[in-house]
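One point on numbering: in this note's numbering, the residue at position 149 of the sequence shown is 151, and numbering is uninterrupted.
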Amino acid sequence: MAIRQLRNHIPIGGPARREPVDGTETAMRLSLGFEPAWFVNRCGVDLGTSWHVDPRVRYRALTAMKAELLQSFPEVPCWREDDPRDLATISGVYGAYPVPHLFGIALRYYPDKWPELDPERRLSVKEIEALQVDRVLSSPVAEALFEQMEVIEREWGPVHGYLNWQGVLNNAFNIRGQEIFMDMYERPAFVHAFLDLIAQVLIRFAKRLQERQRRSGFEIDQLSVSNCVVNMISPEDYRTFVKPRDERIAREFGRFGVHTCNWDITPYIDALAELPHLGYLDMGMMSDLPRVKAAFPDTRRAVMYSPWTLHQTTIGEIRRDMEKIRAELAPCDVVMADIQADTPDDRVRDLLRICRELERA
Numbered sequence: 003m004a005i006r007q008l009r010n011h012i013p014i015g016g017p018a019r020r021e022p023v024d025g026t027e028t029a030m031r032l033s034l035g036f037e038p039a040w041f042v043n044r045c046g047v048d049l050g051t052s053w054h055v056d057p058r059v060r061y062r063a064l065t066a067m068k069a070e071l072l073q074s075f076p077e078v079p080c081w082r083e084d085d086p087r088d089l090a091t092i093s094g095v096y097g098a099y100p101v102p103h104l105f106g107i108a109l110r111y112y113p114d115k116w117p118e119l120d121p122e123r124r125l126s127v128k129e130i131e132a133l134q135v136d137r138v139l140s141s142p143v144a145e146a147l148f149e150q151m152e153v154i155e156r157e158w159g160p161v162h163g164y165l166n167w168q169g170v171l172n173n174a175f176n177i178r179g180q181e182i183f184m185d186m187y188e189r190p191a192f193v194h195a196f197l198d199l200i201a202q203v204l205i206r207f208a209k210r211l212q213e214r215q216r217r218s219g220f221e222i223d224q225l226s227v228s229n230c231v232v233n234m235i236s237p238e239d240y241r242t243f244v245k246p247r248d249e250r251i252a253r254e255f256g257r258f259g260v261h262t263c264n265w266d267i268t269p270y271i272d273a274l275a276e277l278p279h280l281g282y283l284d285m286g287m288m289s290d291l292p293r294v295k296a297a298f299p300d301t302r303r304a305v306m307y308s309p310w311t312l313h314q315t316t317i318g319e320i321r322r323d324m325e326k327i328r329a330e331l332a333p334c335d336v337v338m339a340d341i342q343a344d345t346p347d348d349r350v351r352d353l354l355r356i357c358r359e360l361e362r363a
């Protein structure tokens, strides 16, 4: 089966996600995203509780946020004034934590930040062992999400958006805490059962939610897992604990991708290359980029570029980084997420210009 690719997508006001390619992808496609404070400072919006639980509040805020993006960066093609679909969306809802929230972990909301997990609440081994998939899926959080989708369809039509599903280990870490890493050695059978439970919840809830989106007119059949904390375990432990669940998720959806975060994926390349129909893979630029390109010729590849590097380093250093990416990994995405509120617009425009120049080189 031909690999159906995904590309990086950063929803307005939300953490990075993935979306299907559409054939317009360039050799150095730049995917821009800004931290919540960037919008709060410029638009006066409030990204607190109401933004996440009320689609009407979110629509009004996103309208102002998108207008600011269009005014500041009219040359960027990913925001279109004539396409309001990204306003009537579930993208960004509950930030990076819809699944832990589904499992009963409360969220703390802020007007100028993404939600955070309640630091005082993680589940014990006993609580996790008592969980059942159907009980998790019947959470009031799930009910509230479907109610939001009803409002969106009634008010605007198709229910656009990509929830931040994370991956089995990310979610286990967020639900159980750092103890999950000791559990791998002290109670591996428990970890296998827990990760299986999370995988089942991810698959069943994503399928149910995406079926509702398709009925509204928004085509979606994908799941991109986030494996940000996989670099805290060995490649061998990835193969043992995480990879079997990634493989299962990959086979359940038409498109599948892996977000690894801004770290060196080199030790994990061989294991990742065994995943079925991998349509997207991102990495830090310290990774062995030529080896990645050789190992994943049919995968849409992407480099995560640090917002702190963009803000602090010289234009010359940024150009050298982009030249390295162009020479060693392209065609690919350059993911410039979480741009800081005090990063000058001219610095962002410089990065846009450099990528355009390298595409023509």
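Don't be surprised by glycine CBs; every beta carbon is placed ideally from N, CA and C.
Where G318 falls: helix, strand or coil (DSSP): G318 falls in the helix class under three-state DSSP.
C-beta atoms of T262 and Y282 nearer than 8 Å: For T262 and Y282, no; Cβs fall outside 8 Å.
Exposed unless 16 or more other CB atoms sit within 10 angstroms - verdict on F148: exposed
Own chain partners of L171 with C-beta closer than 8 Å, once the 5 adjacent residues on each side are dropped: I182, L197, N229, V231, V232, I235, F243, V244
Segments of 3+ residues assigned as beta strand (DSSP E) that fall wholly inside the region 8 to 72: 8 to 11, 19 to 22, 30 to 36
Chain-order list of residues whose beta-carbon lies under 7 Å from that of R123 (same chain, five-residue window excluded): I107, A108
D136 to E145 span [Cα, whole Å]: Each residue's Cα considered, the two are about 13 Å apart.
Host beta strand (DSSP E) of L283 (start-end): 282 to 286
Sequence-distant residues of the same chain with beta carbon closer than 6 Å to W40, five excluded per side: The beta carbon of W40 lies closer than 6 Å to those of A343 in the same chain, with the five residues before and after it left out.
L225 versus T91 - alpha carbon distance: 17 Å
Cα-Cα separation, F220 to D88: 11 Å
Three-state secondary structure assigned by DSSP to P246: helix
Backbone secondary structure at V260 - three-state DSSP: strand
Sequence-distant residues of its chain with Cβ nearer than 6 Å to A195 (five each side left out): none
Classification of D24 by the beta-carbon crowding that lies within 10 angstroms, buried from 16 upward: Sixteen is the threshold: since fewer than 16 other Cβ atoms of the shown chains lie within 10 Å of the Cβ of D24, the residue is exposed.
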